[in-house]
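In this note's numbering, the protein residues as written are 6 to 341.
Think of the CB as a built atom: it goes at the ideal place given N, C-alpha and C, for glycine as much as any other residue.
Please read all numbers here as calculations on a predicted model, not as lab measurements.
Here the structure comes first, spelled out in structure tokens, and everything after it is commentary.
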Ligand SMILES: [Zn+2]
């Protein structure tokens, strides 16, 4: 192939081109959970994770910590940290060639929950070096069954993710009613009529089908256009001391009730009542039960929580600092 041909499907992969899977999906749609399933069942992978929050969390939730893993945090890959994508992919590729370096057969790129795939495609397809060394196999977009319709109503970012995807994955079907799943599926068929849809309950064969090279012709290059900023802000807090789950739960529930502009909370926390650290998740106003983590994923005793809000991060920081001592009795958290 000449330098000027836009890369096409994986079936035309040149020996020197590493396949790339782009994993996209709105905040809280379960990208890291799906990533872990893909890592367990698929070819050897390297992982590049982009997080909107200033304090990275997701890379610690990757089940296999021995794989080549890189994080781009503190901004969204489609806009604020877009320029970092090409150098990151170059570095991964260079490291791969070093003798003794861990080998892998593909890269999974997990985008921030607010990213539109379009500028990421643009970078992958337009950059001549990248398009010679990488082959975009598929864009997979996740959407959570219980909240998907609301998310699509509210956020153009979520609609863009669905529209640009080669395959759709409806996650959290075990938490949704059959009617919610049917309505969401109908909505997705409207937005992306030709795109295959899979469910999180579909089993291992669906996983294999999900990441198979997508058999389409040359991809159209996205039209270059001015990107508007996402209306989201991130606030990170550090807790120097372990916290009781009951107190933390009370604080987070109050935050979710009184600040409906908070779209997502995630964190890794040490609790006073549990030896191992836990992962904390809240999405669309719902706080999930803490998920135990292996102790080795956290190398220090510092707990971290990241809030993604459509409102002002400062207002949220003030609310947290005011509320904290009354409920917890301990010192206020450090905010970033
Ligand atoms: Zn962006």
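Heavy atom of ligand 1 within 7 Å of residue i beta-carbon
i           : result
residue 235 : yes
residue 120 : yes
residue 81  : yes
residue 84  : yes
Residue nearest to residue i in terms of C-alpha spacing, selected from the options
i           : options            : result
residue 135 : 310, 60, 90        : 90
residue 43  : 216, 327, 151      : 216
residue 312 : 242, 284, 164      : 242
residue 279 : 247, 108, 271      : 247
residue 175 : 23, 239, 30, 330   : 30
residue 201 : 256, 214, 209      : 214
residue 258 : 163, 102, 275, 329 : 329
residue 123 : 77, 170, 137       : 170
residue 78  : 60, 67, 95         : 60
residue 344 : 283, 255, 281, 290 : As shown, the chain starts at 6 and ends at 341. That puts residue 344 outside it, with no answer to give.
residue 132 : 262, 106, 260, 92  : 92
residue 185 : 197, 164, 154      : 154
residue 307 : 193, 121, 255, 244 : 244
residue 196 : 305, 293, 161, 294 : 161
residue 236 : 47, 277, 69, 159   : 159
residue 56  : 156, 209, 238, 130 : 238
residue 256 : 292, 283, 103, 234 : 292
CB of residue i within 8 Å of CB of residue j, strictly
i           : j           : result
residue 35  : residue 269 : no
residue 4   : residue 168 : A query on residue 4 cannot be resolved here, the shown segment of the chain reaching from 6 to 341 and no further.
residue 187 : residue 206 : no
residue 33  : residue 288 : yes
residue 326 : residue 310 : no
residue 203 : residue 211 : yes
residue 172 : residue 199 : no
residue 125 : residue 83  : yes
residue 275 : residue 314 : no
residue 40  : residue 113 : yes
residue 166 : residue 146 : yes
residue 128 : residue 87  : yes
residue 273 : residue 298 : yes
residue 281 : residue 138 : no
residue 271 : residue 97  : no
residue 140 : residue 24  : yes
residue 46  : residue 194 : no
residue 111 : residue 48  : yes
Cutoff 8 Å: residue i Cβ touching any chain D Cβ
i           : result
residue 257 : Of the protein chains in the structure, only one exists, and it is not chain D.
How about the stretch 44-59 and the stretch 68-79: do they share at least three Cβ pairs that are nearer than 8 Å? yes
So does the stretch 245-256 actually touch the stretch 311-322, counting three or more Cβ pairs closer than 8 Å? no
Assess, as a yes-or-no matter, whether the stretch 184-199 is touched by the stretch 145-160 under the definition of 3 or more beta carbon pairs within less than 8 Å. yes
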